[in-house]
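**Q** Numbering (UniProt numbering), first residue to last: 1 to 176. Beta carbons: idealized from backbone N, C-alpha and C, even for Gly.
1) Using only the alpha-carbon positions, how far apart do residue 111 and residue 83 sit?
2) So what's residue 33 in DSSP terms, helix, strand or just coil?
3) Nearest to residue 162 by alpha carbon, out of 47, 120 and 116?
4) Which residue's Cα is closest to the Cα of residue 103: 76, 87 and 92?
5) What residues in its chain sit with their C-beta under 8 Å from that of residue 17, if we drop five residues either side in the sequence?
6) For residue 60, does the three-state DSSP call read helix, strand or coil?
7) Return the residue from the list 34, 36, 92 and 50 that minimises the CA-CA distance to residue 78.
8) Under the three-state reduction of DSSP, which class applies to residue 25: helix, strand or coil?
9) Would residue 89 be called buried (16 or more neighbouring beta carbons within 10 Å of its own) or exposed?
10) Just verifying my parser: in three-state terms, what is the DSSP assignment at residue 108?
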């Protein structure tokens with residue numbers, strides 16, 4: 001059984017009045033052959049909206065292509081803490097400007113998944129995670145035209161996450 005089907009199956013057994021009508025944190029990086037059927041079944045089983053979480057710029061582009069097929073399918077734009085190395089490997093200013101442009105798309109409804117993950121340092125060091133978490137907050141939440149809620153990731157990093165978020169609290173409009 002695929003990950004999306006597991007989530008959908010779990011939701012189908014819950015009484016409707018207790019079920020969240022928005023499914024978030026669904027990763028489409030594996031793109032199963034029957035993904036369209038899975039999404040349609042999710043809507044038929046009572047979901048109103050689905051957020052396809054993206055963890056890189058490239059994933060946001062992939063998700064937007066998929067989102068164009070469904071009125072109630074949305075995505076996020078931001079770098080997952082374990083993927084922030086891409087900023088260091090590319091021109092960070094060019095990359096962030098591309099992300100600012102993507103935030104103008106109505107199908108991009110949140111900034112993220114971004115944050116800190118101190119349990120997975122083998123993918124990205126704490127220093128790099130903190131640097132680019134703050135870099136994203138500074139550049140993606142400052143434009144009043146693109147104000148979107150944050151889709152946050154926190155694993156064993158609560159104090160640092162809070163301190164960084166607190167510095168940008170005036171620009172933050174909510175969370176998913």
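**A** Taking the geometry as given:
1) 15 Å
2) coil
3) 116
4) 76
5) With a pLDDT of only 35 at residue 17, under the threshold of 50, the placement of this residue in the model should not be trusted; the figure read from the coordinates follows. Contacts found: none.
6) helix
7) 92
8) With a pLDDT of only 47 at residue 25, under the threshold of 50, the placement of this residue in the model should not be trusted, and no figure is reported.
9) exposed
10) strand
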